[in-house]
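Peer 1: Here's a structure for you.
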């Protein structure tokens, strides 16, 4: 079975609110493979396992980045555009976590960093999102990952509004001249 994160989500922002912010998503190489990963916390919690008959349609970092860009209305971080701030998401965990044989959840855990046009840190936030899986298999893992990705998008949006309210995103606004 081959999975992605589903059809495009509902966009949470209006217009070009974050047009001056590009998204970059990073995962460690062991989580950025096509295999769908899980951990048994009750039996060898340090051992990362994968479902033999199921995989992702693309690298998880690409799937997650596409989902968050669609949800938040951000552009992709390509090259070093001098007029673009960056929202960098670095996840250290992207897996299904089992606490018991029939009880699991998807876990997305890491760091969000907002960088200005000179790549200086504007703001940072630890992120940890967990969503219950409906079943103890790859299908349950993927469903929980979709829900966790949506929750992460909502939390990032709230955080961006908070950073903006504090006046920290002024350098990230794209003017009409910069768009031409």
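In this note's numbering, the protein residues as written are -8 to 171. Beta carbons are placed, not taken as given, at the ideal position from N, Cα and C, and that holds for glycine.
#1: The alpha helix (DSSP H) that contains residue 20, what's its start and end?
#2: In terms of residues, what are the limits of the beta strand (DSSP E) holding residue 79?
#3: Can you tell me whether residue 38 is helix, strand or coil according to DSSP?
#4: Alpha carbon to alpha carbon, how far is residue 77 from residue 58?
#5: Of the choices 97, 151 and 16, whose alpha-carbon is the least far from that of residue 30?
#6: Just confirm the distance between the C-beta atoms of residue 33 and residue 89, as a whole number of angstroms; I'd bet it's less than 8 Å.
#7: Determine the extent of the beta strand (DSSP E) in which residue 156 is found, giving its start and end residues.
#8: On a CA-only basis, which of 141, -3 and 67 is nearest residue 17? Give me that one, please.
#9: Rounding to the nearest angstrom, what Cα-Cα distance links residue -3 and residue 137 in this structure?
#10: Would you say the region 126 to 146 touches the region 107 to 115, given that touching needs at least three Cβ pairs under 8 Å?
Peer 2: Let me spell this out:
#1: Counting along the chain, residue 20 falls outside any alpha helix (DSSP H), and DSSP gives it neither H nor E.
#2: 76 to 91
#3: coil
#4: 16 Å
#5: 97
#6: 7 Å
#7: Segment 129 to 156 is the alpha helix (DSSP H) holding residue 156; no beta strand (DSSP E) there.
#8: 67
#9: 7 Å
#10: no
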